[in-house]
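Taking UniProt numbering, the leading residue of the sequence shown gets 1, the next gets one more, and so forth. Using N, Cα and C, we set each Cβ at its ideal position, and we do this for glycine too. In what follows, a single structure is set out as structure tokens and then discussed.
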Amino acid sequence: MTSFAAATTTYKNKELETTEWEDVLIKHGVIQEREEIKARREAREEAAKRTEKEVDPDEELLTKTLEELDVLEDDIEEDVLEKIRRQRLEELKAEAARHRFGDVLPLSRQDFIREVTDASRECWVVLEMFKDGIEESAKCTQLLRELAPRQPSVKFMRILSTNCIERWPDASVPTLFLYHGGRMVKQLTGLDFCGGILLSTVDTMEHALASLGVFEYVTDANLAAGARERRDEAAEVARERAEDNDAETRAHVEAVAQAASLGRKVSKVPDATRRGAAKLANLDDDDDDDW
Numbered sequence: 001m002t003s004f005a006a007a008t009t010t011y012k013n014k015e016l017e018t019t020e021w022e023d024v025l026i027k028h029g030v031i032q033e034r035e036e037i038k039a040r041r042e043a044r045e046e047a048a049k050r051t052e053k054e055v056d057p058d059e060e061l062l063t064k065t066l067e068e069l070d071v072l073e074d075d076i077e078e079d080v081l082e083k084i085r086r087q088r089l090e091e092l093k094a095e096a097a098r099h100r101f102g103d104v105l106p107l108s109r110q111d112f113i114r115e116v117t118d119a120s121r122e123c124w125v126v127l128e129m130f131k132d133g134i135e136e137s138a139k140c141t142q143l144l145r146e147l148a149p150r151q152p153s154v155k156f157m158r159i160l161s162t163n164c165i166e167r168w169p170d171a172s173v174p175t176l177f178l179y180h181g182g183r184m185v186k187q188l189t190g191l192d193f194c195g196g197i198l199l200s201t202v203d204t205m206e207h208a209l210a211s212l213g214v215f216e217y218v219t220d221a222n223l224a225a226g227a228r229e230r231r232d233e234a235a236e237v238a239r240e241r242a243e244d245n246d247a248e249t250r251a252h253v254e255a256v257a258q259a260a261s262l263g264r265k266v267s268k269v270p271d272a273t274r275r276g277a278a279k280l281a282n283l284d285d286d287d288d289d290d291w
């Protein structure tokens, strides 16, 4: 009488397929998978992997320009072509919207909430508080006007310091407020963050703001000869000199903006704000604290 083991080990299927019973035996190691079946199975698995890696024809079409799609019009189903065209147009509109600025725009206090806080939910907003007759403020304005065309996806704005917050100390002019996601992310007083009044250039300012996340990249091709060294030096200064933005100061700025939108005035600058402004105007290494 033939044993079970003998029967199972000699079991064969002449076709290149396995029976359900044979699959069970192979799974439990009772018999070995036949070489020809194993080779066919592995070939199928490899083909499946290649299929997964292949580019979806529709996805490949998404990389085409509108002009290229016109050329391929006869080879693409009409509904697919129309869908891709609409998607490409939406992408182009979105790209244009991200690059709609390119200049330093004026700001009035009553528009603060709409133009700064609310606008920052869609893009970065860099607001300069300036005052005429202050050399460092004039230099900051000049650099921002040079930088704005380089970074048209960022909304650069400026407002007279005392129009934004009455009695704002001249020692804290210029001040840059960086807004994103509907809130103030960073406050920078003076030009120390990008090399100071003597070393700061549009390149060092661009690099410093990029390091804070305002831009996605810095284009080295835009850097003039020798600017890279000054840029790196300014970046080091920015790390060492970045002031801590006092929570009360930030709250006061927001309160003034909110009051302005309601037609009210907040004329008094809190003592803590004045002390913070004086400290920010006279930064030394012991006072540095990047928040």
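Which value, in whole angstroms, describes the spacing of the CA atoms of residue i and residue j?
i: Val202; j: Phe193; result: 12 angstroms
i: Cys123; j: Arg114; result: 13 angstroms
i: Val104; j: Met157; result: 5 angstroms
i: Glu82; j: Arg100; result: 27 angstroms
i: Val125; j: Ile197; result: 23 angstroms
i: Leu188; j: Gln110; result: 23 angstroms
i: Gly170; j: Arg85; result: This sequence places Asp at residue 170; Gly is not what is there. Each residue's alpha carbon lies about 54 angstroms from the other.
i: Lys186; j: Phe112; result: 17 angstroms
i: Phe130; j: Phe177; result: 11 angstroms
i: Thr162; j: Ser172; result: 11 angstroms
i: Gly102; j: Arg88; result: 24 angstroms
i: Pro152; j: Arg167; result: 32 angstroms
i: Pro149; j: Lys155; result: 10 angstroms
i: Glu35; j: Asp23; result: 14 angstroms
i: Ile134; j: Glu206; result: 22 angstroms
i: Glu91; j: Gly182; result: 24 angstroms
i: Ser137; j: Val214; result: 21 angstroms
i: Ala48; j: Lys38; result: 15 angstroms
i: Met184; j: Lys139; result: 23 angstroms
i: Gly195; j: Glu46; result: 58 angstroms
Could you tell me whether the Cβ atoms of residue i and residue j are closer together than 9 angstroms?
i: Thr175; j: Gly190; result: yes
i: Leu209; j: Leu147; result: yes
i: Pro106; j: Ile159; result: yes
i: Tyr179; j: Ser108; result: no
i: Arg44; j: Glu33; result: no
My guess is that residue i and residue j are in contact by the Cβ rule of under 8 angstroms, so how many angstroms apart are they, rounded?
i: Thr141; j: Glu128; result: 7 angstroms
i: Ser200; j: Leu144; result: With a Cβ gap of about 11 angstroms, Ser200 and Leu144 do not count as contacting.
Note the first and the last residue of the continuous alpha helix (DSSP H) segment covering residue i.
i: Glu136; result: Glu135 to Leu147
i: Thr162; result: Ser161 to Cys164
Would you mind reading off the limits of the beta strand (DSSP E) that contains residue i?
i: Leu199; result: Looking at the DSSP string, Leu199 is not in any beta strand (DSSP E); the run it does join, the alpha helix (DSSP H), is Gly196 to Leu199.
i: Leu212; result: Premise fails: Leu212 is in no beta strand (DSSP E) and is neither H nor E.
i: Leu178; result: Thr175 to His180
i: Gln187; result: Arg183 to Thr189
i: Val104; result: Val104 to Pro106
i: Phe130; result: Val125 to Phe130
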